[in-house]
Each structure stands twice: as C-alpha cells, then as structure tokens.
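Start counting the sequence shown at 64; every next residue gets the next number (my numbering).
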Amino acid sequence: MTNNLNCRRLPAEWEHHGGVILAWPHVDTDWAPILEEVSDCFENIIRAVAAEEIAVVIAPDTSIPQSRLADLDNVLYVTLPTNDTWARDFGPITVIESGSYVICDFRFNGWGLKFPADKDNLLTRGMTSLGVLRGVYRNRLGFVLEGGSIESDGRGTLLTTSQCLMSPNRNGEMSRDDIERYLMRQFGLNKVLWLDYGYLAGDDTDSHIDTLARLAPDDTILYVGCDDENDEHYDELSSMKHQLMELRTVEGTPFNLVELPMPDAIYDEEGMRLPATYANFLILNRSILMPSYAQPRKDELAAKILKIAFPDHEIKMIDCRVLIKQHGSLHCVTMQVPREILPI
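Pasting the structure below:
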C-alpha cells in the first residue's frame, strides 16, 4: 500500500537492486592506524557484493582499491574526497515516484555534529554531477537524515528511533509530529513506527535502527535481544522488546518478532565496549552479508535465524571485528541503489 497523495514509495532493502555504494578507507581517515586490516575487510565486502551486483567504490585515490580488486569487472570507481567510510549515512536515499527514481540528498552532519562531515555531505551531489547516479536529483539538504536511522517495508511503513531523529543536533527545531509529517510526505508513508528504547554500547549514532531492529518480509521484525540480566543492555533491550510487541501493522495486526542474539562483549585496548550487533546485515539480491565476530556459536545462531527470515537467500558471513573498532559494522559502510540509476 502506498500513499496516493504523492505517489512516492521508499523501497524495502530486500527488493531487487543493482548496486552497492562503499567509500574506501584511506590515510586521512580515522582508519589510518589499522588501514591494512580494515582494507582487507572492505575488500571482502566488495568481492561479495560484486559477485551479485555492481560495487560502487568511492575514494580520493581510486588506484588503491583498483590495485587490490584488479581481477573484478563488476566495480565502478568514483574519485571524490571523503571524510570517512559510512556510506549508509551519507549516501543517497532512493525513492520511486510515479515510476521514476528520485535521488534524495539529505544533509549529513556527522551524526549530530560529532565528527567532520563536510566532504561526505557532498558525495551524493558529487556522484550525481559526475553521472554516476542518473536519477532525478532532489535537494533535501534542509533536513538531517542518515540512511541507518530508517527502515522501510516498501509498503508505506517506516521504522525508526526517537533517540536519533529527535536528537537536538539534527533537526532540533522540529517536534516529533513535525518530523513524522515530513517523513510521511517525503517517502509516501502510511505509518511511522517509533522505538523509544534501544541502546548499543560504543554506538556514536544515537541508536540507529539498523543496529537494533530490522524490517523483513511478511511483517517480520528482526531485533537484538539480551537475556543476561547483568549485561548493561538488558534493561533497554527488554523495554525495546516490549515496545516491539505493542507495534501494529497498517492492517492492525502484530508483527512477527524474531530475536537475534547479542554477541559476547568485545572491548578495545582502552576497555571500551564496542558496538557488535548482528542486526547490521546487508540484503543483496541473492544473499545476506552478515557481520560475524569470531564467536562461532553466536555467529552460527545468528546466521540460522537470518535464514528463517530470508529463506531464499544464502547467508554469507564477513568478519567485521575491525569495523566495530570505529563503532560501526557491515550495513553502516554500504548503501544499495537501483540498477536503473547506474551508468553501467
């Protein structure tokens, strides 16, 4: 179901798409001390993407990823300056409007002014100007919105968190009702579902939904659970679970809730807990790229649960322990786009 007032629709991630955008790590990013390790991880992700779709790789110097990926044909290289690598949050959000693809360019301000974002905020415009993205460009830079903060079922329902979208350093002049009306208008929505609970230690995004709960086909929500009462996440995730149980579809029925395990705690050298989560998976056309954390029992359990929600997809694990060192994971470094807006 779509909102007939504006004929717009925000596709679900599991709908067919043709490319995935990534921004290659480089020496001028926070990855510099572990550049080789994170480059290995990016290479693994890109190779998995390119086996099914076009990998769009952005870098200030594309000769570096090109040298590592020289045997791949299904890669489009884009030379543009970047602050960092979190393509989910500064990348284009593509809407279908009356049969055409519209590239929505929302403002990215470094997750509420936490980090520099002057270069990353220009990337969607830059790719459009270069002809890398070929849909109708729509300037929405008056509103701060990161791709990791929203989940769409493709049928007019959006899932998000109040902690992120209500952050005073994003759109602080707007009320919750203002933001909801704006989202409904921009994406042709019938319903916005808000989660007021949910927390992940080490997360810089103010509780992006893609670290906590993900929409899936057949009115399913995959969410991170915690059954250890001594874990710092227990209270918040328990409250989130109860709120998820209260949510209803547009038709008024409960969602099918499927719980993902919480990975065992991983800490950095300074003793800070890192934001490991199995919810940060990427849906490709034939497979799911799932972050793994060298925890065989938990990794395998998460993979089996994802297979239940996506029975026609192959579950492929990619070790993402290095990504959480900079407080993100696999979904955070990727952004899917329709094949129709790519030049190859």
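Just so it is clear, CB atoms sit at the ideal spot from N, CA and C, and this is done for glycine as well.
Model, not experiment: these values are computed from the prediction.
Coil, strand or helix - residue i by DSSP
i, result
"Cys383", "coil"
"Val158", "strand"
"Met353", "strand"
"Arg53", "With the chain running from 64 to 407 in the structure shown, residue 53 is simply not present."
"Val101", "helix"
"Met7", "Since the displayed the chain opens at 64 and closes at 407, residue 7 lies outside it and no answer follows."
"Asp168", "strand"
"Gly219", "coil"
"Ser163", "strand"
"His82", "The sequence given here places Gly at residue 82; His does not occur at that position. Strand, per DSSP."
"Lys370", "helix"
"Glu243", "helix"
"Glu116", "coil"
"Asn66", "Caution is warranted here: a pLDDT of 41 is assigned to Asn66, below 50, making its placement in the model unreliable, and the coordinate value is therefore given only provisionally. In this structure, Asn66 counts as strand in the three-state DSSP scheme."
"Glu363", "helix"
"Ile127", "helix"
"Val138", "strand"
"Trp149", "coil"
"Gln226", "helix"
"Trp87", "coil"
"Ile407", "coil"
"Leu176", "helix"
Supposed close pair residue i, residue j - CB separation, criterion 8 Å
i, j, result
"His80", "Arg402", "7 Å"
"Arg131", "Gly251", "Not confirmed; about 40 Å, so no contact."
"Thr148", "Pro88", "5 Å"
"Ile381", "Asn107", "5 Å"
"Thr340", "Arg151", "Incorrect: roughly 13 Å between the Cβ atoms, too far for contact."
"Leu323", "Ala365", "6 Å"
"Lys182", "Thr145", "5 Å"
"Phe373", "Ile351", "6 Å"
Per-residue burial, residue i [other beta carbons within 10 Å of its own, 16 or more giving buried]
i, result
"Leu176", "exposed"
"Gly82", "buried"
"Gly261", "buried"
"Ala328", "exposed"
"Ile404", "buried"
"Ile109", "buried"
"Asp168", "buried"
"Tyr330", "exposed"
"Ala357", "exposed"
"Val425", "No answer is possible for residue 425: the residues shown for the chain start at 64 and end at 407."
"Val90", "exposed"
### Message
List, from N- to C-terminal side, the beta strand (DSSP E) runs of 3 residues or more that fit wholly inside the region 268 to 327.
### Response
276 to 279, 283 to 287, 319 to 323
### Message
Quick test of the definition: if touching needs 3 or more C-beta pairs under 8 Å, does the region 219 to 237 touch the region 263 to 270?
### Response
yes
### Any 3 or more C-beta pairs closer than 8 Å across the region 133 to 151 and the region 355 to 369
no
### Query
Just checking, does the region 388 to 401 make contact with the region 94 to 111 on the three C-beta pairs under 8 Å criterion?
yes
### Task
Inspect the CB distances between the region 188 to 202 and the region 284 to 298 and report whether three or more fall short of 8 Å.
no
### Query
Is it a yes or a no for the region 340 to 350 touching the region 309 to 321, going by three-plus beta-carbon pairs under 8 Å?
no
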